[in-house]
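**Q** Following full-length UniProt numbering, the numbering of the sequence shown begins with 1 at its first residue and continues without gaps.
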Amino acid sequence: MFHHTITALVTPLLQNKIDFHNLERLIDHQFINGIKDIVIAGSTGEGVLLSDDEYENLLQAAVKANKKINVIAGCSNGSITNAIKRSKIAEKAGAKAILATLPFYVKPPQEGIVEYFKAIHNAVNLPLILYSVPSRTGIDFADDTICHLAELERVVAFKDASREFERPLRLTRKTGLSFFAGDDSTSLAFNAQGCKGVISVASNLFPKEISEIQNAWFSNDAAKAVQLHMDMSDFYQSLLLDTNPIAIKYALSIAGMCKEDTRPPLANLSDKNKEIVRAAVMKRIKIS
Numbered sequence: 001m002f003h004h005t006i007t008a009l010v011t012p013l014l015q016n017k018i019d020f021h022n023l024e025r026l027i028d029h030q031f032i033n034g035i036k037d038i039v040i041a042g043s044t045g046e047g048v049l050l051s052d053d054e055y056e057n058l059l060q061a062a063v064k065a066n067k068k069i070n071v072i073a074g075c076s077n078g079s080i081t082n083a084i085k086r087s088k089i090a091e092k093a094g095a096k097a098i099l100a101t102l103p104f105y106v107k108p109p110q111e112g113i114v115e116y117f118k119a120i121h122n123a124v125n126l127p128l129i130l131y132s133v134p135s136r137t138g139i140d141f142a143d144d145t146i147c148h149l150a151e152l153e154r155v156v157a158f159k160d161a162s163r164e165f166e167r168p169l170r171l172t173r174k175t176g177l178s179f180f181a182g183d184d185s186t187s188l189a190f191n192a193q194g195c196k197g198v199i200s201v202a203s204n205l206f207p208k209e210i211s212e213i214q215n216a217w218f219s220n221d222a223a224k225a226v227q228l229h230m231d232m233s234d235f236y237q238s239l240l241l242d243t244n245p246i247a248i249k250y251a252l253s254i255a256g257m258c259k260e261d262t263r264p265p266l267a268n269l270s271d272k273n274k275e276i277v278r279a280a281v282m283k284r285i286k287i288s
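(1) Would you report the Cα separation of K64 and I27, rounded to the nearest angstrom?
(2) Give the list of continuous beta strand (DSSP E) stretches no shorter than 3 residues that lie fully inside the region 5-38.
(3) Exposed or buried, L240, counting other C-beta atoms within 10 Å across all chains shown (16 or more means buried)?
(4) Kindly indicate which residue of T243, A279, D184 and K88 has the alpha-carbon position closest to the one of P127.
(5) Mind checking who residue 325 pairs with in its DSSP beta bridge?
(6) Restricting to Cα atoms, I'd like to know which of K17, D37, M1 and K283 is closest to S200.
(7) Mapping the DSSP letters down to three states, classify L188 as helix, strand or coil.
(8) What is the C-beta distance between A100 and Y131, in whole angstroms, given that I count them as a contact (C-beta under 8 Å)?
(9) Quick check on DSSP: helix, strand or coil for F158?
(10) Give the secondary structure of G256 by DSSP, where H, G and I count as helix, E and B as strand, and everything else as coil.
(11) Going by DSSP, which residues form a beta bridge with N70?
(12) Taking the CB atoms as reference points, tell me whether F190 and F158 lie closer together than 7 Å.
(13) With burial defined as no fewer than 16 other Cβ atoms inside 10 Å of the residue's Cβ, what is the status of E151: buried or exposed?
(14) Hey, would you say the C-beta of H229 is under 6 Å away from at least one heavy atom of the ligand PLP?
(15) So, does the CB of C258 fall closer than 7 Å to a CB anywhere in chain D?
(16) How would you call S211, buried or exposed, if buried means at least 16 neighbouring beta carbons within 10 angstroms?
(17) Could you check what DSSP says for F2 in three-state terms: helix, strand or coil?
(18) So, at 7 Å on beta carbons, what are the nonlocal neighbours of L188 in its own chain, with the 5 sequence-adjacent residues on each side left out?
(19) Below 7 Å CB to CB, which residues in the same chain sit around P134 once its five sequence neighbours on both sides are set aside?
(20) Hey, how far is the Cα of A90 from the Cα of I72?
(21) I need the straight-line Cα distance from E46 to D144, nearest angstrom please.
(22) Using DSSP's beta-bridge definition, name the partner residues of F180.
(23) Threshold first: 3 residues or longer. Then list the beta strand (DSSP E) segments lying entirely within the region 91-144, N to C.
Below is the structure:
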């Protein structure tokens, strides 16, 4: 259903408002470089910092920008009611799928997690991607929970931003889900355990390069994939210097693709970290 490289797109901002002009440019950049699937309003897209009206307008604009790109809508929330509300907004806006983390902050037990995702699943008629990111939610899926949720008709995939490298090995055949790595730097390690690709932050700026890594791997050229992956290592590491999407937005600003602005309480990179990101970017692009 999904391609090997999915971009977790930033939400460009200008004076704390969505920059729709540069949103179209960013989506064009993805399409021109072969990306067919993008996540809108996920973690990288600052989805939880958007109002419902902003969320709806953003999704509508993304869907309209290029009908040949599949929009996956982030609908993560700490509340079942709000997650369902956003899922319905996403469906109405024309999203092709939804992506949801575990409910954050409240740290429900596994039984509550099952009910949370069942409620989202039953509220809309869209494919649902489960998303594990314990660094943001404070909890993770138990294997039995994933197996239980995989029985739902429209639960189709699992994004893993943990360090549970063996999880796809344990569960891919058992559940029938497509697993995707949630961090660029660990994508090949996850692929080796059965993942189908990566939901990437680095591909905001370098969609062609990230796609080449994934395509090499899935064309049975592991040596080429590893070499290309290692070539991107310093850029991956530069993106981890502060909370995502702070660094990738600065990287995009260097290339003139959008402003580095984030929605408060996020902030800009320190000057020291900007130097590191700039060095990693300038190795790979020419600024006229």
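The beta carbon of each residue, even a glycine, is placed where N, CA and C say it ideally should be.
**A** In short:
(1) The alpha-carbon of K64 is positioned some 10 Å away from that of I27.
(2) With a minimum length of 3 residues, the continuous beta strand (DSSP E) runs that stay inside the region 5-38 are 5-8.
(3) L240 comes out exposed.
(4) With distances taken between CA atoms, P127 lies nearest to K88 out of T243, A279, D184 and K88.
(5) An answer regarding residue 325 cannot be provided, because it is not within the stretch 1 to 288 covered by the chain.
(6) Among K17, D37, M1 and K283, the Cα nearest to that of S200 is on D37.
(7) Helix.
(8) Between A100 and Y131 a beta carbon distance of about 6 Å is seen, short of the 8 Å cut, so the two are scored as contacting.
(9) When DSSP states are grouped into helix, strand and coil, F158 belongs to the strand group.
(10) For G256, the secondary structure class from DSSP, reduced to helix, strand or coil, is coil.
(11) Note: N70 sits in a beta bridge opposite D37.
(12) At the C-beta level, F190 and F158 stay beyond 7 Å of one another.
(13) Flag for E151 reads exposed.
(14) Summarising the ligand content, the structure contains no ligands, and the ligand PLP is consequently not present.
(15) Absent from the structure: chain D. Only one protein chain is present.
(16) Counting Cβ neighbours within 10 Å, S211 comes out buried, since at least 16 surround it.
(17) In the three-state scheme derived from DSSP, where H, G and I count as helix and E and B as strand, F2 is classed as coil.
(18) Cβ neighbours of L188 beyond the five flanking positions: W217, A225, V226 and H229.
(19) Around P134: D140 and S162.
(20) Cα-Cα distance, rounded: 9 Å.
(21) One C-alpha to the other measures close to 30 Å.
(22) For F180, which the question treats as bridged, DSSP gives the partners K159.
(23) Listed in chain order, the complete beta strand (DSSP E) runs (minimum 3 residues) inside the region 91-144 are 97-101 and 128-132.
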